[in-house]
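So the sequence shown is residues 516 to 949, counted in the working numbering. First the structure, in the form of structure tokens, and then the observations on it.
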Amino acid sequence: MIKKLVLVFIVVTAIHSYGQQGTTSPYSFYGIGSLKFKGTVENRSMGGLSIYSDSIHVNLRNPASYAGDNLAIWNNESRPVKFTVGGSYSSSDLKSNQSSDKASSSTFDYLALNVPLGKFGFGFGLIPYTSVGYKLESFNDNDNIENRFQGEGGLNKAFLGFGYQITKGLTVGVDFQYNFGNVENSIVNFQYTDGILTQYQTRENNRSDLSGLNMNFGLSYKTLLGKKIELVSSLTYSPESNLSSKNERSISTITIGSTGQEFVRNTIEVNLESNGLRDTDLILPSRIAFGAGVGERRKWFVGAETTFLKTSKFSNDLIDSGASYEDAYSFSLGGFYIPEYNSFSSYWKRLVYRAGFRTEETGLNIENESIKEFGISFGIGIPVGDIRLLSNANIGFEIGQRGTTNSNLIQENFINLQLSLSLNDRWFQKRKYD
516 MIKKLVLVFI VVTAIHSYGQ QGTTSPYSFY GIGSLKFKGT VENRSMGGLS IYSDSIHVNL
576 RNPASYAGDN LAIWNNESRP VKFTVGGSYS SSDLKSNQSS DKASSSTFDY LALNVPLGKF
636 GFGFGLIPYT SVGYKLESFN DNDNIENRFQ GEGGLNKAFL GFGYQITKGL TVGVDFQYNF
696 GNVENSIVNF QYTDGILTQY QTRENNRSDL SGLNMNFGLS YKTLLGKKIE LVSSLTYSPE
756 SNLSSKNERS ISTITIGSTG QEFVRNTIEV NLESNGLRDT DLILPSRIAF GAGVGERRKW
816 FVGAETTFLK TSKFSNDLID SGASYEDAYS FSLGGFYIPE YNSFSSYWKR LVYRAGFRTE
876 ETGLNIENES IKEFGISFGI GIPVGDIRLL SNANIGFEIG QRGTTNSNLI QENFINLQLS
936 LSLNDRWFQK RKYD
């Protein structure tokens, strides 16, 4: 047990120290950032498919997965305690009609624990939910920089959830989630005299500290179709909730160094209280997802899932970004294949092969262009440690595209590499005496 916790700590520390910025997408400028959490590495390797759950992997998108059947190899006495931690690396090629650039980021994605308690189960953990990380510049007719936009931060979720097995194959669950984080951004306006940059420039600084509660309900149902084929279905629903935003704004006079650094000379705090912008509320939109699939237990599975978000209700009173919001939609299709999950003669036959694709309407509309995204993913699950505990390391790979070059917008061609550990242990077992 101690060795596994030390391993988790090392992985989290390595991911955290390698990179703090969760995204480099210019579209994270809008709202409270780009949606970062798309499930575990196992989910993302199947195109984001999250309807499948079992006894050895944590499913962070459906709290009904916290409960379930005991393991046959443990005499149907218990299920394992499940730990999971994951991180990712992303590389993007950004291009518009005028220019192109490259960007990369590396970040921690989730940390969670799931503990079985008979027909019950509970889980808790931490998820970075949205991420802000951009640096954009606009130019005037003389090809001189006119404005510089920078931002960082995001929204995190700490959650505690419970699941219960109503009957064999039917489980329900609920997550209680505390949302917290902050978003900081700045806008620098460059001034010129006869085409020469003036000594002082003006920078507007904004910060929003976010907090709020929400819930996520889940339902999972499995049944056999014949002797081997299993039908799996899933439904999750998160009602609309509010985020409280405590806002600050200041105006700074700055000078620009030879390599572009910004040096603050003086700062004036803006009184947001007078115009009702000191404390505002943001809407965290409702979300509903449902899907179904078929497969053979511990052998193969293929399924599809659809998700809807009411992002049309989102607004941000503090910053007028010029964007509008419409309802978001996504569709995922994916699955996995295991040659022989309990093979003692061949380690390679116990590998899990995953693949899938997804398409998404992000809900963001800029210059009358709906921002869309799609991805094709592959992954592999690698058994580690004691074969009786069924622990594994998971590697995922995704290629995709976000945005468009229409209307002077930016298109991102991205490659994501994900890594997770799914570690199992047996805490509760019946003692037998002669």
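Ideal Cβ positions, reconstructed from N, Cα and C, are used throughout, including at glycine. Note that the coordinates shown come from a computational prediction; the quantities given were computed from them, not determined experimentally.
- For Asn-939, the enclosing beta strand (DSSP E) starts and ends at 926 to 940.
- DSSP, reduced to helix, strand and coil, places Val-899 outside both helices and strands of the structure shown, so it counts as coil.
- In the three-state reduction of the DSSP assignment, Lys-828 falls in the helix class.
- Under the three-pair Cβ rule at 8 Å, the stretch 749 to 756 counts as touching the stretch 723 to 736.
- Exposed is the label assigned to Gly-741, since fewer than 16 other Cβ atoms lie within 10 Å of its Cβ.
- Contact check for Thr-717 against Asn-700 fails: the beta carbons are separated by 8 Å or more.
- In the structure shown, the three-state DSSP call for Val-689 is strand.
- Taking C-beta atoms as the reference points, Glu-855 and Lys-864 count as a pair closer than 8 Å.
- The closest CA to that of Phe-639, considering only Gly-633, Gly-678 and Lys-650, is found on Gly-678.
- Out of Leu-651, Phe-598, Ser-605 and Gly-602, the CA that lies nearest to the CA of Val-630 is found in Phe-598.
- Gly-727 sits close to Asn-757, with the two beta carbons spaced by under 8 Å.
- The three-state reading of DSSP puts Tyr-844 in strand, counting E and B together.
- Between Ser-723 and Asn-694 the beta-carbon gap is near 13 Å, outside 8 Å, which marks them as no contact.
- The bridge partners DSSP lists for Tyr-625 are Gly-601.
- The C-beta separation of Ala-870 from Phe-893 comes to about 5 Å, placing the pair in contact by the 8 Å criterion.
- In this structure Ser-653 is not in contact with Thr-539, their Cβ atoms being roughly 18 Å apart against a cut-off of 8 Å.
- Rounded to whole angstroms, the gap between the alpha carbons of Tyr-844 and Ile-769 is 42 Å.
- Buried is the label assigned to Val-600, since at least 16 other Cβ atoms lie within 10 Å of its Cβ.
- Using a 10 angstroms sphere on the CB of Tyr-545, the tally of other CB atoms reaches 16 or more, which defines it as buried.
- The C-alpha of Ile-771 is placed about 54 Å away from the C-alpha of Val-596.
- Between the stretch 932 to 944 and the stretch 892 to 910, the count of C-beta pairs closer than 8 Å reaches three or more; the two stretches touch.
- Spatial neighbours of Glu-661 in its own chain (CB-CB distance under 7 Å, excluding positions within 5 residues in sequence) are listed in chain order as Ser-653, Phe-654, Asn-655 and Phe-705.
- In summary, Gln-714 is exposed, with fewer than 16 beta-carbon neighbours lying within 10 Å of its beta-carbon over all protein chains present.
- In the structure shown, the three-state DSSP call for Val-703 is strand.
- Assigned with DSSP and collapsed to three states, Pro-800 falls in coil, not helix or strand.
- Its chain contains Gly-562, Ser-847, Leu-848, Gly-849, Phe-889, Gly-890, Ile-891 and Ser-892 as the residues whose beta carbon lies nearer than 8 Å to that of Phe-872, once the 5 sequence neighbours on both sides are disregarded; these appear in chain order.
- Between Asn-659 and Tyr-581, the CB-CB gap reaches or exceeds 8 Å.
- Distance from the CA of Gly-666 to the CA of Phe-635, rounded to the nearest whole angstrom, comes to 42 Å.
- For Pro-754, the closest C-alpha among the options Gln-692, Ser-789 and Phe-859 is that of Gln-692.
- Around the beta-carbon of Thr-920, fewer than 16 other beta-carbon atoms lie within 10 Å, marking it exposed.
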